[in-house]
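Protein chains in written order, with my numbering: chain A, 12 to 303; chain B, 12 to 303; chain C, 12 to 303; chain D, 12 to 303. Ideal Cβ positions, reconstructed from N, Cα and C, are used throughout, including at glycine. Structure first, commentary second.
Number of protein chains: 4
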Amino acid sequence: MTISLDQLNAADAATFVAAVGDIFEHGSWVAERAHAARPFATVAALHDAMMQAVRAAPRTEQLAFLRGHPELGGRVARAGAMTDDSKSEQGGLGLDRLNEEEFARFERLNAAYALRFGFPFIIGVRRHTRDSILARFERRTGNDIETELAAALSEIGYITRLRLVAKVEGPGKPKTDGRLSTHVLDTAQGRPAANMYLELFEVGASARSCIAAAMTDAGGRAPLLASGPLRIGTYQLQFHVGAYYASCGVAAATPPYLEMVPVRFAVAEPEGHYHVPLIVTPWSHTTYRGGG
Amino acid sequence: MTISLDQLNAADAATFVAAVGDIFEHGSWVAERAHAARPFATVAALHDAMMQAVRAAPRTEQLAFLRGHPELGGRVARAGAMTDDSKSEQGGLGLDRLNEEEFARFERLNAAYALRFGFPFIIGVRRHTRDSILARFERRTGNDIETELAAALSEIGYITRLRLVAKVEGPGKPKTDGRLSTHVLDTAQGRPAANMYLELFEVGASARSCIAAAMTDAGGRAPLLASGPLRIGTYQLQFHVGAYYASCGVAAATPPYLEMVPVRFAVAEPEGHYHVPLIVTPWSHTTYRGGG
Amino acid sequence: MTISLDQLNAADAATFVAAVGDIFEHGSWVAERAHAARPFATVAALHDAMMQAVRAAPRTEQLAFLRGHPELGGRVARAGAMTDDSKSEQGGLGLDRLNEEEFARFERLNAAYALRFGFPFIIGVRRHTRDSILARFERRTGNDIETELAAALSEIGYITRLRLVAKVEGPGKPKTDGRLSTHVLDTAQGRPAANMYLELFEVGASARSCIAAAMTDAGGRAPLLASGPLRIGTYQLQFHVGAYYASCGVAAATPPYLEMVPVRFAVAEPEGHYHVPLIVTPWSHTTYRGGG
Amino acid sequence: MTISLDQLNAADAATFVAAVGDIFEHGSWVAERAHAARPFATVAALHDAMMQAVRAAPRTEQLAFLRGHPELGGRVARAGAMTDDSKSEQGGLGLDRLNEEEFARFERLNAAYALRFGFPFIIGVRRHTRDSILARFERRTGNDIETELAAALSEIGYITRLRLVAKVEGPGKPKTDGRLSTHVLDTAQGRPAANMYLELFEVGASARSCIAAAMTDAGGRAPLLASGPLRIGTYQLQFHVGAYYASCGVAAATPPYLEMVPVRFAVAEPEGHYHVPLIVTPWSHTTYRGGG
């Protein structure tokens, strides 16, 4: 169910809040106040106005708003007692079905954080892997209250930007999609490496394993991830170079010097383009971050 | 206890056999026949003469000689009832202390091979990883008898060459040592990458895990393996690039695009030089087989 | 003045010949015979039919047709007494205004070729540099008559394909355009190298010097040649890497290790895509043939 | 005619000055004063003591000393009326036989410099190409007197260090030799590129053209310059890759994509090691500054 920016610009307050009041978790007052700033030239301008309403709110109201968010990987998540958006976001990383050990770790982190700040830890889950969430959880628990309040509001910005983009159609949408792609060049034969099989793994202590697999096309290219933000974390591309050269009939040692070529890298900008090419011969390879 | 080639060239038959009669497993007759070909200009020539004696022997004698070798990973190995050389060679790969599952796999392979050829599977263990032994065991069990006899004698050549080189001092030793080395160049800063930590892993279904670790020297170099033959198999070098650039104060993303850089390759020539350099920036890397 | 394939398919013989009779130099009989093969599904099919008419003609007619072509760089070219198409093709390489030495060289080659074969040397000039024309002129003068006749007809194919594509609009045009492009990646900074100045030179004994210059765009890309066939020959891209890093404020030696980076390569396929990227730091660079 | 450091340490003042008094141009007083600081543990310590004597001298004496040096490329150089050391140093760059235009340029620079500072322009000629001398000549003429005096004394240090190292044998010689080398790896075939022909050119407005040529050895290596300092300036290595692959029988396009591969770089540290490798296939190449 989407609505157009034009419709929103023309809406009265009640209609406006009915349409986008749930973008901010249990915080329809944000939409109420943003309504006054109509018309919005772009979807990004609407989002800015809503964030401005949050930032302009009194501290007590901000804190109450933050307290309205569910714990990450906590009892509420397990019980499924969250807004639909939160369910989908946490569920995408499996945070609603942690095993006992993982659950206990989140419980400890949630308790320590709540004790220190008085509101739950908030993070734009869809921009993270479990490993990067755990790393930030631990780091941010050491913040002072002002720094952490700013961090929490910044994450609210990421979360609501994604929700808004999914709900409102119109010009000037803020950039929320990242992209991961590869391109394989065979410099032993001077042409793109077509039909090379490759896999993409997320790596890390609590990683989700193989998340994509592809065969390069006639131009040696393979799109890998293109919808939604990339997740901050560490990845490994695995290029099946040995099988490729065997299928081309290119002579190799026994066993071939290169069979599976791993390329490991980290994503730090969820909305960025990570182009990770491989320039390869049976005896060498080069990779670099392209895109950007 | 070594002996010089000069001493061997001057020795009578009894002394000669006493010195090098055990190079060929339970086959002192090989040394007896090679004695006649003295003097030898090089250690390699002595080895050639001994192999020539084996190849010139009647088929029945060759088969008896092959039957004198212990099974790989078999009961005899477990019981320690082998020549000292065989104990050391099999022990180096842990073939004398396999777990039950591994033991059962070798039992099956030994039985199938013996049924087909009537002598035990012979391979120069010190030139192999467990994975490459298992791969060759299965492949060679499919050979016809003439091909397999030639393969077994070729492996006898590898085994005895190593034993002879350890026992006889003199000119013209055959090449038995391989070498594995690396060199890291930092092309963001235009200089060798000094003090980068790196590890070498053997990889594969039954691999021995981390087999070397080193810090690059001021010239960016690290010797890794240099004594004895390399083992045919698959390896992974792991370069700790992220920590290196952090220690240099070079700016990076959070997390850094490159943290641990894996380089995976296979060794096919145990006596070769595998130089596996890394040319690296915080955003790219190149590797190739040097040496050779 | 173009005509559509549909119009040609509907045309009577006179109209047809009036429209495309001059595609083949002084050879309107080719169009006359091809007319019978209407309708043509594609422009390529029309061209095939015309070439088929040439190949099916009796030897004497073929030779008369070949003799109707002007000499390369000869008196006729100088005097401008050629068809408009020939003028434009030869003029594009300056073959109509050679200096005395060059003119003399072409005179000698034309004389030797004519003596041997009895018709003038024919080559698709727009697919060549002067150097590659001279190299082929000398090589082909050594051919036997059958090989050379085939070579001449093959070049007629290239020449007329280009003329036809310029004149006839319609589906299924044969590929006549090549493409040359570059892309610069700065792996010291992990991003495309924007605003790097670069030049493209043709190199060789009789080369035309700088033929393109560009500044890379925000994505590090620069299209260089995209219209018409590339010319077979040797090229040098010159990337002004020193100025780029100076403008980025990246520290360098005095003088910088890399100032102007030359990349020299040859084009062998005029209709191909030559993508010639540069992956660069202040201390290193990599290039390869992409595209293809 | 060399002398040992031991002999110098044992020498009386007259013998000491006779031996090393001419290291500093028309400045035997430098040796006289350094004599008192004997014994010297290293040749470097002797040089330091001599430079210390110069730096400790009164300004008028320093200026007189500087005035005792010949002009670069001036009338005195032309007439050959210089110390033997100066003749050899200037002659190595051809500064004693400039053509009229070059001579006039040096005359102008010498006149402007002398007018401003009252002493001739001094530079360690053996560490420079003509281009880098001219660049520094123009730049330094803009200095204030204190900066320029320091620059002149620093160059005196370079000049006399080379003279001293040539004359005195003993431990702890200061480093005066640079080194330029290359190494070619063929990653299409996974081995060093043996027997590849390559040339080294000095490039620039007044460059000396081809200064070395070599064939790579079996390991793909070629030492190029190893004796004396490198000259600050711009160089181009030219690797004959096309001929190499043709001799290996590796298939290529016609003409080959890579024929002669130029690698252009600048030397900024005359006493450094510039290792400039090429990692090459018929379709790609990589180079970087190694050594260092």
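Q: Go ahead and pull the three-state DSSP assignment for residue 200 (chain A).
A: In the displayed model, residue 200 (chain A) falls within coil according to three-state DSSP, outside both helix and strand.
Q) Residues of chain D with CB under 7 angstroms from residue 272 (chain C), in chain order? A) Among the residues of chain D, those whose CB is under 7 angstroms from the CB of residue 272 (chain C) are 275, following chain order.
Q. Residue 196 (chain C) touches chain A at which residues, Cβ-Cβ below 7 angstroms?
A. Chain order gives the chain A residues near residue 196 (chain C) as 299 and 301, where near means a beta carbon separation below 7 angstroms.
Q | Burial state of residue 61 (chain D), where buried means 16 or more other Cβ atoms lie within 10 Å | A | Taking all protein chains in view, the Cβ of residue 61 (chain D) is crowded by 16 or more other Cβ atoms within 10 Å, so the residue is classified as buried.
Q: Would you mind working out which of B:298, B:55, B:84 and B:36 sits nearest residue 201 (chain D), comparing C-alpha positions?
A: Nearest C-alpha to residue 201 (chain D): B:298.
Q.
Just checking: is the beta-carbon of residue 296 (chain A) within a distance shorter than 8 angstroms of some beta-carbon in chain B?
A. So, interface residue.
(Q) Tell me the rounded alpha-carbon separation between residue 166 (chain C) and residue 263 (chain D). (A) Residue 166 (chain C) and residue 263 (chain D) have their C-alpha atoms spaced approximately 22 angstroms apart.
Q. Taking Cβ positions only, does residue 167 (chain C) come closer than 8 angstroms to chain B?
A. Not one chain B Cβ lies under 8 angstroms of residue 167 (chain C).
(Q) When you compare the CB positions of residue 224 (chain D) and residue 213 (chain D), do they come within less than 8 angstroms of one another, or not? (A) Annotated as distal: residue 224 (chain D) and residue 213 (chain D), with beta-carbon spacing of 8 angstroms or more.
Q) Taking the C-alpha atoms as reference points, what is the distance between residue 17 (chain A) and residue 168 (chain A)? A) One C-alpha to the other measures close to 22 angstroms.
Q. Are the C-beta atoms of residue 248 (chain D) and some chain C residue less than 8 angstroms apart?
A. Not one chain C Cβ lies under 8 angstroms of residue 248 (chain D).
Q) Under a three-way DSSP split, which group does residue 251 (chain A) fall into? A) When DSSP states are grouped into helix, strand and coil, residue 251 (chain A) belongs to the strand group.
**Q.** Other residues of its chain near residue 230 (chain D): CB distance less than 7 angstroms, five sequence neighbours each side excluded
**A.** Sequence-distant partners of residue 230 (chain D) (beyond 5 residues in either direction) whose C-beta falls short of 7 angstroms from its own C-beta, in its chain, are 203.
Q. How would you label residue 115 (chain A), buried or exposed, when you count the other beta carbons within 10 angstroms and need 16 or more for buried?
A. Under this definition residue 115 (chain A) is an exposed residue.
**Q.** Residue-level contact to chain B via CB, residue 292 (chain C), 8 angstroms cutoff
**A.** By this cut-off, residue 292 (chain C) is an interface position.
Q) From D:75, D:261, D:227 and D:86, pick the residue whose C-alpha is nearest to that of residue 199 (chain A); which is it? A) Closest by alpha carbon: D:261.
Q) In chain order, which beta strand (DSSP E) runs of at least 3 residues are fully inside the stretch 144-201 of chain C? A) Entirely contained in the stretch 144-201 of chain C, the beta strand (DSSP E) runs reaching 3 residues are, in chain order, 190-197.
**Q.** Closest by C-alpha distance to residue 236 (chain B), when choosing among B:274, B:292 and B:286
**A.** For residue 236 (chain B), the nearest C-alpha among the options comes from B:286.
Q: Verify the CB distance criterion: does residue 193 (chain D) have a CB-CB separation below 8 angstroms to chain C?
A: Closer than 8 angstroms: no.
Q: Work out the CA separation of residue 206 (chain D) and residue 249 (chain C) for me, nearest whole Å.
A: Answer to the nearest angstrom: the Cα atoms are 28 angstroms apart.
Q: State the DSSP-derived secondary structure class of residue 207 (chain B), mapped to helix, strand or coil.
A: Three-state result, residue 207 (chain B): coil.
Q) By the criterion of Cβ-Cβ separation under 7 angstroms, what are the contact partners of residue 199 (chain A) in chain D? A) Chain order gives the chain D residues near residue 199 (chain A) as 199 and 292, where near means a beta carbon separation below 7 angstroms.
Q: Let me know if residue 173 (chain B) comes out buried or exposed under the rule of 16 or more other beta-carbons within 10 Å of its beta-carbon.
A: By the neighbour-count definition (other C-beta atoms within 10 Å, threshold 16), residue 173 (chain B) is a buried residue.
Q) So residue 276 (chain B) is in the beta strand (DSSP E); what residue range does that whole segment cover? A) Looking at the DSSP string, the run of the beta strand (DSSP E) that includes residue 276 (chain B) is 271-278.
Q | Assigned exposure category for residue 143 (chain C) - 16 Cβ within 10 Å defines buried | A | Label assigned to residue 143 (chain C): buried.
**Q.** Stretch pair the stretch 57-72 of chain A + the stretch 124-131 of chain A: three plus CB contacts closer than 8 angstroms
**A.** Taking 8 angstroms as the limit for Cβ pairs, the verdict is that the stretch 124-131 of chain A does not touch the stretch 57-72 of chain A.
Q. Which bits of chain B does residue 268 (chain C) rub up against, with CB to CB less than 7 angstroms?
A. For residue 268 (chain C), the chain B residues whose Cβ falls inside 7 angstroms of its Cβ are 201, in order along the chain.
Q) Apart from the five residues just before and just after residue 38 (chain D), which ones in its own chain have a Cβ nearer than 6 angstroms to its Cβ? A) In the same chain as residue 38 (chain D), and ignoring 5 residues on each side of it, the C-beta atoms closer than 6 angstroms to its own belong to 76, in chain order.
Q: Taking C-beta pairs closer than 8 angstroms, name the residues in chain A that residue 245 (chain B) reaches, listed in chain order.
A: Listed along the chain, the chain A residues whose CB falls inside 8 angstroms of the CB of residue 245 (chain B) are 266 and 270.
Q. Residues in its own chain within less than 8 angstroms of residue 220 (chain A) by CB, not counting five upstream and five downstream?
A. Cβ-Cβ distances below 8 angstroms link residue 220 (chain A) to 212 and 213 in the same chain, with the five nearest sequence neighbours on each side left out; the list follows chain order.
(Q) For the beta strand (DSSP E) containing residue 22 (chain A), name the first residue and the last one. (A) Note, residue 22 (chain A): premise wrong, no beta strand (DSSP E); not H, not E.
Q. At what residue ranges does the stretch 96-149 of chain C contain a whole run of the alpha helix (DSSP H), taking only runs of 4 or more?
A. You should have 111-128.
**Q.** residue 243 (chain B) beta carbon less than 8 angstroms from that of residue 171 (chain B)
**A.** Going by C-beta atoms, residue 171 (chain B) is not nearer than 8 angstroms to residue 243 (chain B).
Q.
What does the alpha-carbon distance come out to for the pair residue 272 (chain B) and residue 66 (chain D)?
A. Their backbone Cα atoms lie some 51 angstroms apart in a straight line.
Q: Assuming residue 82 (chain A) and residue 136 (chain A) form a contact by the criterion Cβ under 8 angstroms, report the distance between their Cβ atoms to the nearest whole angstrom.
A: About 12 angstroms separates the two Cβ atoms, so there is no contact after all.
Q: Determine contact between the stretch 95-109 of chain D and the stretch 44-63 of chain D, defined as no fewer than three beta-carbon pairs at a distance below 8 angstroms.
A: Verdict: no, contact absent.
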